[in-house]
Amino acid sequence: MRIIISGAYAIGTYLAKLLARNKEDITLIDENADRLAEIGSSYDLLTLEANPGSINTLKEAGVQDADLYIAVTKDEALNLNTCILAKALGAKKTVGEIKNSEYVEPESQEFLKKLGIDSVIFPEILAAQDINNGLKMSWVRQRWDVHDGALVLLGIKLRDSCKILNQPLKNISGPDDPYHIVAIKRGEQTIIPGGNDTLKTYDLAYFMTTKDYIPYIRKIVGKENYEDVKNVMFMGGGETAVKALNTLPEYMNAKVIENNKERCKKLNELVDDKIMIIHGDGRDVSLLQEEGVANTQAFVALTPNTETNILACLTAKKMGVRKTVAMVENIDYISMAESLDIGTIINKKVIAACHIYQMMLDADVMDVQFLMNANTDVVEFIPKEGSKVTKKPVKNLGLPYGATIGGLIRDREGMLVSGNTQIKAGDSVIVFCFNISLKKIEKFFI
Numbered sequence: 000m001r002i003i004i005s006g007a008y009a010i011g012t013y014l015a016k017l018l019a020r021n022k023e024d025i026t027l028i029d030e031n032a033d034r035l036a037e038i039g040s041s042y043d044l045l046t047l048e049a050n051p052g053s054i055n056t057l058k059e060a061g062v063q064d065a066d067l068y069i070a071v072t073k074d075e076a077l078n079l080n081t082c083i084l085a086k087a088l089g090a091k092k093t094v095g096e097i098k099n100s101e102y103v104e105p106e107s108q109e110f111l112k113k114l115g116i117d118s119v120i121f122p123e124i125l126a127a128q129d130i131n132n133g134l135k136m137s138w139v140r141q142r143w144d145v146h147d148g149a150l151v152l153l154g155i156k157l158r159d160s161c162k163i164l165n166q167p168l169k170n171i172s173g174p175d176d177p178y179h180i181v182a183i184k185r186g187e188q189t190i191i192p193g194g195n196d197t198l199k200t201y202d203l204a205y206f207m208t209t210k211d212y213i214p215y216i217r218k219i220v221g222k223e224n225y226e227d228v229k230n231v232m233f234m235g236g237g238e239t240a241v242k243a244l245n246t247l248p249e250y251m252n253a254k255v256i257e258n259n260k261e262r263c264k265k266l267n268e269l270v271d272d273k274i275m276i277i278h279g280d281g282r283d284v285s286l287l288q289e290e291g292v293a294n295t296q297a298f299v300a301l302t303p304n305t306e307t308n309i310l311a312c313l314t315a316k317k318m319g320v321r322k323t324v325a326m327v328e329n330i331d332y333i334s335m336a337e338s339l340d341i342g343t344i345i346n347k348k349v350i351a352a353c354h355i356y357q358m359m360l361d362a363d364v365m366d367v368q369f370l371m372n373a374n375t376d377v378v379e380f381i382p383k384e385g386s387k388v389t390k391k392p393v394k395n396l397g398l399p400y401g402a403t404i405g406g407l408i409r410d411r412e413g414m415l416v417s418g419n420t421q422i423k424a425g426d427s428v429i430v431f432c433f434n435i436s437l438k439k440i441e442k443f444f445i
């Protein structure tokens, strides 16, 4: 697949690295030679030092033959304009990063498609959705609702109180049980489990279930004593925080600690009046005590500095806060944050990359999620009529090692999948993939 990326910033360089590893044909455009040199010397891709807003530049990059054009510069107008140009010059699909939430509205997206912009990404909104999903349950590290909860994926850190430790999964998660263990992160190891694998203390286990059985999952993992999140404290009042605060569930109360006085004034205009804005440093123990951290069930650190966010979350945990969320923009720090028992980890680059990655697949793909802690992709495929996945029961499909099917939605009803399940065309099928290209999996669905 031929892919052109404009903008060698955070999202662009992360995408270029990811796609280059998958042996895609990548050209990265940027006007800054230093940014291009940093990535071009380490990865198998072409770089072009030029203005991406130029028609000649796009032609030189081969946009007329591009399967996908991605505009992720820091200039929203440039992103939108170059997508329009790229489409007119022959690019099959285009996607642009935006900063204006108006463009996310369905009617705006229809209008943009007519102009030649197939999709837009707003990383801050996507990150806010992940934050709020993580806050809904204090005992869950990560939650993903498929089709409004027809199926639910829960990432849970297991402690000694878990009732299903040290037993073969075939004995505790069979065809008649209301959940499947679809992935396990154990130390640095990711496991796509089989029937003889067991759960251990401190595993991060991913459960696929339905909404009705969430209380049952909570009971068997020994998390019934965890308080639900009612009071949440944010550190950092940037764009992601604003988006999260403005979509926070109504039953939650929030305070924001921001160390920039001018930003505090602006926040009072941007968020609901019931949200308290506090000028100060979220790492200040005395300030946290004064603002009632002892009565807070969740602490969310969203400053631009990864180290600050991790340190603040550790401080909050020492003061009794059970649920912590940290923005970790440095990919190298993700495993460290996990080892320090930071709860939910947010990375806008990865979230945006997941959205873009689904546009590369030929199968009907409704959603792509990336479980950062487990380094695993979760993909929602829609199999086509006559596709390989519809011809045999799941146990006979011969899925490649590292892939497993966790569940499906048929006629709006969530179903867990066993070896005897027969998938039908039109089902929404949830596939977990570890250390395997999604291109190898999509062949089963087209």
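Per numbering that gives the first Met the number 0, residue 0 is the first one in the sequence shown, and the count goes up by one each step. C-beta: ideal position from N, C-alpha, C; glycine also. Note that the structure is predicted; figures quoted are calculated from it, not measured.
Judged by DSSP secondary structure, Ala32 falls within the alpha helix (DSSP H) whose first and last residues are 32-39.
In this structure, the beta-carbon distance from Leu266 to Ala253 does not fall below 7 Å. Considered as a whole, the stretch 193-256 harbours 203-208, 230-234 as its complete beta strand (DSSP E) runs of no fewer than 3 residues, in chain order. Comparing alpha carbon positions, the residue from Met335, Gln128, Ile440 closest to Leu398 is Ile440. Here DSSP, grouped into helix, strand and coil, assigns Phe443 to coil. If you compare the alpha carbons of Thr420, Val430, Val119 with that of Gly173, the shortest gap goes to Thr420. Counted as a single uninterrupted DSSP element, the stretch harbouring His146 is not any alpha helix (DSSP H), since DSSP gives it neither H nor E.
Taking a C-beta distance under 7 Å as the contact criterion, Lys156 and Leu203 qualify as a contact pair. Here Glu379 carries a strand assignment [DSSP, helix/strand/coil].
Contact between Pro51 and Ile28 holds: their C-beta atoms lie close to 5 Å from each other, under 8 Å.
Gln141 is bridged by DSSP to Gly154.
For Ala90, no alpha helix (DSSP H) segment is defined, and its DSSP state is neither H nor E.
Residue pairing by DSSP places Lys317 in no beta bridge whatsoever. The closest CA to that of Thr305, considering only Ile345, Asp129, Lys442, Glu290, is found on Ile345.
Taking Val119 as the centre and dropping the five residues before and after it, the same chain places the C-beta of Gly95, Ile97, Tyr102 closer than 6 Å to its C-beta, in chain order. Here DSSP, grouped into helix, strand and coil, assigns Ser334 to helix. Between the beta-carbon of Ala60 and that of Leu47 there is about 5 Å, and that keeps the pair under the 8 Å contact cut.
As DSSP reads the structure, Ile404 sits in a beta bridge with Val430. Around the beta-carbon of Val284, fewer than 16 other beta-carbon atoms lie within 10 Å, marking it exposed. Residue state for Glu123 is assigned as helix, using DSSP reduced to three classes. By the neighbour-count definition (other C-beta atoms within 10 Å, threshold 16), Asp376 is a buried residue.
Comparing alpha-carbon positions, the option among Ala300, Lys273, Lys317, His146 lying closest to Val327 turns out to be Ala300.
Of all alpha-carbon atoms in Ala351, Cys353, Lys317, Ile355, the one lying nearest the alpha-carbon of Ile341 is that of Lys317. Rounded to the nearest whole angstrom, the C-alpha separation of Gln296 and Met251 is 10 Å. In the DSSP secondary-structure assignment, His179 is bridged to Met207.
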